[in-house]
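Data block below; observations after.
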Amino acid sequence: MKEKLNFIENIIKEDLKNKYTKKNLKFRFPPEPNGFLHIGHVKAMELNFSLGKKYKSDVNLRFDDTNPLKENINYVNEIIENLKWLGYKYKKICYASDYFEKLYNWAIHLIKNSKAYVDSQDSETIAEQKGTPYKKGKNSPFRDRSIEENLELFNNMKNGKYKEGEHVLRAKIDMSSPNMLMRDPVMYRILYKEHFRTKNNWCIYPLYDWTHGQSDYIEKISHSLCSLEFRPHRDLYDWFLKQLPDSKYKKPKQIEFARLNLSYTVMSKRKLSFLVDKGIVDGWDDPRMPTISGLRRRGYPSTALRKFVEIAGIAKRENIIDIALLDFCAREELNKTSNRLMVVSNPLKVVISNYESKGEELYGENNPEDKSQGERKIRFSKEIYIEKEDFKEISNRKFHRLSIGKEVRLKNAYIIKAERVIKNSKGEIKEVHCTYDKKSKSGSGTLESQRKVKGTIHWVDKKSSIPVKINKYESLFLNEMPDTEKNEEMLKNINDNSLEVLEGFAEKAVLKCKPEQKFQFQRLGYYIVDKKSDKSNIIFNKTVSLREKRISRNPQY
RNA sequence: UGGCCUAUGGUGUAACUGGUAACACGUCUGAUUUUGGUUCAGAAGAGUCUAGGUUCGAGCCCUAGUAGGCCAACCA
Numbered sequence: 003m004k005e006k007l008n009f010i011e012n013i014i015k016e017d018l019k020n021k022y023t024k025k026n027l028k029f030r031f032p033p034e035p036n037g038f039l040h041i042g043h044v045k046a047m048e049l050n051f052s053l054g055k056k057y058k059s060d061v062n063l064r065f066d067d068t069n070p071l072k073e074n075i076n077y078v079n080e081i082i083e084n085l086k087w088l089g090y091k092y093k094k095i096c097y098a099s100d101y102f103e104k105l106y107n108w109a110i111h112l113i114k115n116s117k118a119y120v121d122s123q124d125s126e127t128i129a130e131q132k133g134t135p136y137k138k139g140k141n142s143p144f145r146d147r148s149i150e151e152n153l154e155l156f157n158n159m160k161n162g163k164y165k166e167g168e169h170v171l172r173a174k175i176d177m178s179s180p181n182m183l184m185r186d187p188v189m190y191r192i193l194y195k196e197h198f199r200t201k202n203n204w205c206i207y208p209l210y211d212w213t214h215g216q217s218d219y220i221e222k223i224s225h226s227l228c229s230l231e232f233r234p235h236r237d238l239y240d241w242f243l244k245q246l247p248d249s250k251y252k253k254p255k256q257i258e259f260a261r262l263n264l265s266y267t268v269m270s271k272r273k274l275s276f277l278v279d280k281g282i283v284d285g286w287d288d289p290r291m292p293t294i295s296g297l298r299r300r301g302y303p304s305t306a307l308r309k310f311v312e313i314a315g316i317a318k319r320e321n322i323i324d325i326a327l328l329d330f331c332a333r334e335e336l337n338k339t340s341n342r343l344m345v346v347s348n349p350l351k352v353v354i355s356n357y358e359s360k361g362e363e364l365y366g367e368n369n370p371e372d373k374s375q376g377e378r379k380i381r382f383s384k385e386i387y388i389e390k391e392d393f394k395e396i397s398n399r400k401f402h403r404l405s406i407g408k409e410v411r412l413k414n415a416y417i418i419k420a421e422r423v424i425k426n427s428k429g430e431i432k433e434v435h436c437t438y439d440k441k442s443k444s445g446s447g448t449l450e451s452q453r454k455v456k457g458t459i460h461w462v463d464k465k466s467s468i469p470v471k472i473n474k475y476e477s478l479f480l481n482e483m484p485d486t487e488k489n490e491e492m493l494k495n496i497n498d499n500s501l502e503v504l505e506g507f508a509e510k511a512v513l514k515c516k517p518e519q520k521f522q523f524q525r526l527g528y529y530i531v532d533k534k535s536d537k538s539n540i541i542f543n544k545t546v547s548l549r550e551k552r553i554s555r556n557p558q559y
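Quick note on the numbering used here: the first sequence kicks off at 3 and runs consecutively.
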């Protein structure tokens, strides 16, 4: 079979033909610890780690921690946990802050080569001088300070002699460049803010452009993969690398790919934190969030997430992937791996009038796709619950469930026939009375047990069933592309029904469930035991429903 | 009044140094089924943004246009 390579793998393949060997290859995943990782990051991780696996080269996990204003250790820990859960094995954990000293010395080298200078204007003035994409910028009046003066000022900046905003260090490139990033970008700013790792050792912090490429170089990264919006940064990336006094190693190559977008959700960290701050969701790990922690809590298996981003592929064009693909990946995995359980989410009482025994134990397969999972006992007796939706007094031919005078099989149990209903004063159905075919017991081998009836429905024994809480989710947004809108616009399309809490009844086998265990509730979908669930208060989160064929449920019948 | 990136069925990706479009999801049929699930068999759906050019031959190369995205943070 022909190997299907994405464009990045093709570049690497070419590089391998030329001046690179497999030993030269090295990758990195460089998140900023300023929030939770989302499914888009899984794409970046999968790319880097699968490349690492393919070429047997190392992949570093590097925290891009140059902005103490937004970053903290909790995010670092959550990210590490996410990688562990996803099963990505990195060579080592690095921090950009490990390189602060080296970066500082290299900055001095740039000053000495007249490639950097201290500017003493405020940020507004500097921004103004930068011009616009259509208009060239102007040189700063401080651009031609002497090397000695620059050295002294920069040293004083480092030693805390100035206030925030008083000076910055800038690269001396070209104020008339068509690329705004090349118009003397700021390399360092003064910030009196404690950093979660370097504490108060530094009061000047390097900015992204002066950090990233250099960090890649220090770690001997060969291919530095990032998203499309960094394309203009590449010119700067290369420029900085060229200025370094050190040229022992091969210079890393920045390659950009399109980030992942998912329909009906938002992906930008700014929007995600907005949802958290506004209290629209419960937190970063709310099951409706596209964060890794949220998807995990929702019940998506890590393997499904990885499979999903792998199928989605890597390219350079903007994309919005249909959420249906994610659900497909989840179902495919869950169908094979999750045990079945009968749970009634919206109960209707059924009395089997001709059932004389006090009750009995029946058996059900735990997973028809995996016989090694064995069977479980299921309690059956005279009174049971079925789904309200599974009964209609009068029905048409397409209704494969229970109705008066019609037969249906109770999964793993008997065939029953509905005889009459009992209604309350408002005319609502309170009970359905049925008769059962005693010889039709599932698996009993009798002729009657092999009878074909129109449908099979799930049920639970009324007396022995366990009440459970079920969180049912819909997408957070009603429109397909909420990410393209401003926060205020986005709010208008919030789905008010994205969370529905149901009280259901589960067969008693549910008592053995453990937090994060996944089940298929038969005929309903896939569910996970919430991480905060316990024996006295069992909580399930619905991951995704079973695939449903479009069937006409014409109410007039 | 600029620079850069992108353009292939509904969606996402393929098509190795040019040889008339493939895969997955989704959709639709049918079979099987004690889950309207799974599984199995099959179908429809694009002639590759537009116009030129090079070539025996272009989705791939060139030119121009159009459309979308990114760039004016002391964020990453």
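Each residue gets a CB set at the ideal place from its N, CA and C atoms; glycine is no exception.
Predicted model only: the values in this text are computed from it and were never measured.
Straight-line gap, residue i to residue j (C-alpha atoms, nearest Å)
i, j, result
"residue 354", "residue 498", "40 Å"
"residue 134", "residue 184", "12 Å"
"residue 230", "residue 281", "31 Å"
"residue 10", "residue 254", "14 Å"
"residue 238", "residue 539", "56 Å"
"residue 389", "residue 454", "21 Å"
"residue 2", "residue 25", "No information on residue 2 is available, as it lies outside the stretch 3 to 559 that the chain covers here."
"residue 71", "residue 78", "15 Å"
"residue 556", "residue 400", "Low per-residue confidence applies at residue 556: pLDDT is 37, beneath 50, and the placement is therefore not dependable, though the value from the model is reported in the following sentence. Spanning the two alpha carbons is a distance of roughly 9 Å."
"residue 161", "residue 228", "34 Å"
"residue 408", "residue 441", "17 Å"
"residue 86", "residue 504", "32 Å"
"residue 205", "residue 331", "47 Å"
"residue 514", "residue 533", "15 Å"
"residue 318", "residue 35", "26 Å"
"residue 21", "residue 249", "16 Å"
"residue 558", "residue 480", "Residue confidence is low: residue 558 scores 30 on pLDDT, short of 50, so the model does not pin down where it sits. Its coordinate-derived value is still stated next. Whole-angstrom Cα-Cα distance: 29 Å."
"residue 420", "residue 466", "23 Å"
"residue 530", "residue 436", "33 Å"
"residue 188", "residue 298", "39 Å"
"residue 132", "residue 142", "9 Å"
"residue 334", "residue 322", "22 Å"
C-beta contact flag for residue i and residue j at 7 Å
i, j, result
"residue 329", "residue 120", "no"
"residue 349", "residue 507", "yes"
"residue 265", "residue 218", "no"
"residue 316", "residue 259", "yes"
"residue 256", "residue 236", "yes"
"residue 381", "residue 368", "no"
"residue 393", "residue 472", "no"
"residue 385", "residue 456", "no"
"residue 438", "residue 357", "yes"
"residue 42", "residue 182", "no"
"residue 414", "residue 444", "yes"
"residue 287", "residue 296", "yes"
"residue 144", "residue 122", "yes"
"residue 245", "residue 112", "yes"
"residue 501", "residue 527", "no"
Supposed contact pair residue j and residue i - C-beta distance, whole angstroms, cut 8 Å
i, j, result
"residue 462", "residue 352", "Wrong, their Cβ atoms sit about 10 Å apart, outside the cutoff."
"residue 311", "residue 48", "5 Å"
"residue 406", "residue 418", "That pair is no contact at about 12 Å."
"residue 76", "residue 294", "Incorrect: roughly 15 Å between the Cβ atoms, too far for contact."
"residue 39", "residue 81", "6 Å"
"residue 73", "residue 198", "6 Å"
"residue 336", "residue 313", "Not really, about 16 Å apart at Cβ, beyond 8 Å."
"residue 170", "residue 190", "6 Å"
For residue i, the residue or residues it bridges with in DSSP
i, result
"residue 543", "473, 530"
"residue 367", "377"
"residue 404", "393"
"residue 30", "62"
"residue 506", "470"
"residue 129", "Answer is none; residue 129 lacks a bridge partner."
Is it true that the region 29-38 meets the region 223-232, where meeting means three or more beta-carbon pairs spaced less than 8 Å apart? They touch, by the three-pair rule.
Touching by the beta-carbon criterion (3+ pairs, under 8 Å), the region 273-293 and the region 10-23: Verdict: no, contact absent.
With contact counted as at least three CB pairs below 8 Å, one residue from each stretch, are the region 86-106 and the region 208-216 in contact? As far as the Cβ criterion goes, the region 86-106 touches the region 208-216, which means the pair count is three or higher.
Decide yes or no for the touch test of the region 82-91 against the region 40-55: beta carbon pairs closer than 8 Å, at least 3 of them. Contact between the region 82-91 and the region 40-55 is present: three or more C-beta pairs spanning the two stretches fall below 8 Å.
Stretch-stretch touch, CB-based, cutoff 8 Å, three pairs: the region 174-182 with the region 102-122: They touch, by the three-pair rule.
Stretch pair the region 356-375 + the region 475-488: three plus CB contacts closer than 8 Å: No, because fewer than three Cβ pairs between the region 356-375 and the region 475-488 fall closer than 8 Å, the two stretches do not touch.
If we count Cβ pairs, one from each stretch, closer than 8 Å, do we get three or more for the region 329-340 versus the region 518-533? Taking 8 Å as the limit for Cβ pairs, the verdict is that the region 518-533 does touch the region 329-340.
Between the region 61-69 and the region 149-167, do three or more beta carbon pairs fall short of 8 Å? The region 61-69 makes no contact with the region 149-167, as fewer than three CB pairs between them are under 8 Å.
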